[in-house]
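The numbering of the sequence shown is the numbering used here, which starts it at 7 and goes up by one.
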Amino acid sequence: MRVSVPRRFSKRSRSSVSARWSAASEISTDRLRGIAIIHDSRRTQECIATLSGTLWYASDVPSPEAVSRSADLFTFPEPLASNLEGFAAPFSSWFLYTPARALLDAGEGIASRLGNRVFVPEVVFLTHAHYDHIAGLTGFLLARTSARGDDEKPLTIYYPEIAERNFANLRGYVDTVVRRKTFPLTWKAVAIGERIPVRHWFVEPFATKHSVPSAGYRFLEMRRRLRPAFQGKLPQEIIQLKKEQGDDTLHEEYAHVVLAMTGDTGPSIDGSLFTNADVLVHEATFLKPEDREGDDHATAEDAFILARNAHVKTLVLYHISQRYWRRDMQRVIPALQKKTGYQGRVVVVAGFTHPDGFY
7 MRVSVPRRFS KRSRSSVSAR WSAASEISTD RLRGIAIIHD SRRTQECIAT
57 LSGTLWYASD VPSPEAVSRS ADLFTFPEPL ASNLEGFAAP FSSWFLYTPA
107 RALLDAGEGI ASRLGNRVFV PEVVFLTHAH YDHIAGLTGF LLARTSARGD
157 DEKPLTIYYP EIAERNFANL RGYVDTVVRR KTFPLTWKAV AIGERIPVRH
207 WFVEPFATKH SVPSAGYRFL EMRRRLRPAF QGKLPQEIIQ LKKEQGDDTL
257 HEEYAHVVLA MTGDTGPSID GSLFTNADVL VHEATFLKPE DREGDDHATA
307 EDAFILARNA HVKTLVLYHI SQRYWRRDMQ RVIPALQKKT GYQGRVVVVA
357 GFTHPDGFY
């Protein structure tokens, strides 16, 4: 089996890594654990590499099991892996939430990554007008006029009403660049708290604090539950009450958060917006509080505390500063989870969500 040399590794030079790989007498892989073990016959030392592209020497890690646990930090679990895909790295962020046919932000690289799947999104939700969140929009729109697919499929772009001035400039630029559109394109400004019906969900913008007007988005699913006054009663009592008083008396409707994405924000978000959320995609520009510059971006610890208090099931950290290497994330993020006591699943997006292909 041929294994290419990863581009991300410890501080040793790539040439020394290449020499070590070429001297390998045996290469074994374990995709379930996400690692490759390279036995170096010349130095009688093992190199351990995650299949996602990070390489350590045996002296740098305690065991292959430890590497496997670290690799899991960047692996999307099911069913999330089948529903959410995208890219997050310095200078570009975007996600495609497939069940809702919704594109969240539009950083560069969307069209080239999606190919003919540029026709999947029916709606686009933009958090704010900074370059790294909108630079791929024109390419995405142009691709929908030339790729093989339903090039007449309508598309609606939503953006925060409070950022009207910023997006007016973007609309002017898009109209200049994308002159020939084969499909109806609609732009809609939405207010904080306004609910937009998208398939069988509602999408609701929420307030965030950034250097420019911005908003995050919650995907809400309307559900029913027993009213507090009837909780704890025996099943036969509930059945009898339903016969006597009707189902609406016993149950109440509530909005469950299936997905939320913050966009860029400081640490001042109202955590009650995400109570019991299935997935929270939260920016974590700074891994360490001492690295914070101003209050326009959040730290990973901010995200953990919010997710812990809101009982979020899965926390996805993204928008991490380029000052940090993957090994920094593997060291700091598990420590922060332990420190804050967050009990849910943690996933880090540092590049593509599915580097080995889409699910």
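Using N, Cα and C, we set each Cβ at its ideal position, and we do this for glycine too.
Fair warning: this is a prediction, and the values are worked out from it, not measured in the lab.
Close CB contacts of D284 within its chain, under the 6 Å cut and outside five residues either way in sequence, are with V264, K319 (chain order). Classified as exposed, Y260 has fewer than 16 neighbouring CB atoms from the shown chains inside 10 Å of its CB. Under a 10 Å Cβ-count criterion, R230 is classified as exposed, with fewer than 16 other Cβ atoms of the shown protein chains found around its own Cβ. Within a 10 Å sphere around the beta-carbon of A306 sit 16 or more other beta-carbons, which makes this residue buried.
For Y324, the pairing in a beta bridge is given by DSSP as E289. If you compare the alpha carbons of Q343, V204, V353 with that of Y324, the shortest gap goes to V353. With respect to the C-alpha of P105, the residue from A117, L86, P96 having the closest C-alpha is L86. Two segments are said to touch when three or more pairs of C-beta atoms, one from each, lie closer than 8 Å; by this definition the region 266 to 282 touches the region 307 to 316.
Scanning its chain for C-beta atoms nearer than 8 Å, with the 5 sequence neighbours on each side dropped, one finds around Q349 the residues R314, in chain order. Listed in chain order, the beta strand (DSSP E) runs fully inside the region 73 to 135 are 90 to 95, 98 to 103, 108 to 110, 129 to 131, counting runs of at least 3 residues. By the C-beta density criterion, G115 is buried, having at least 16 other C-beta atoms within 10 angstroms. Between the region 186 to 194 and the region 207 to 224 there are fewer than three C-beta pairs closer than 8 Å, too few to call the two in contact. G178: member of the alpha helix (DSSP H) spanning 170 to 183, first to last residue.
Per DSSP, reduced to three states, the secondary structure at T188 is coil, with no helix or strand assignment. Under the 10 Å beta carbon count, Q343 is surrounded by 16 or more other beta carbons and is classified as buried. A direct Cα-to-Cα measurement between A141 and I163 gives close to 14 Å.
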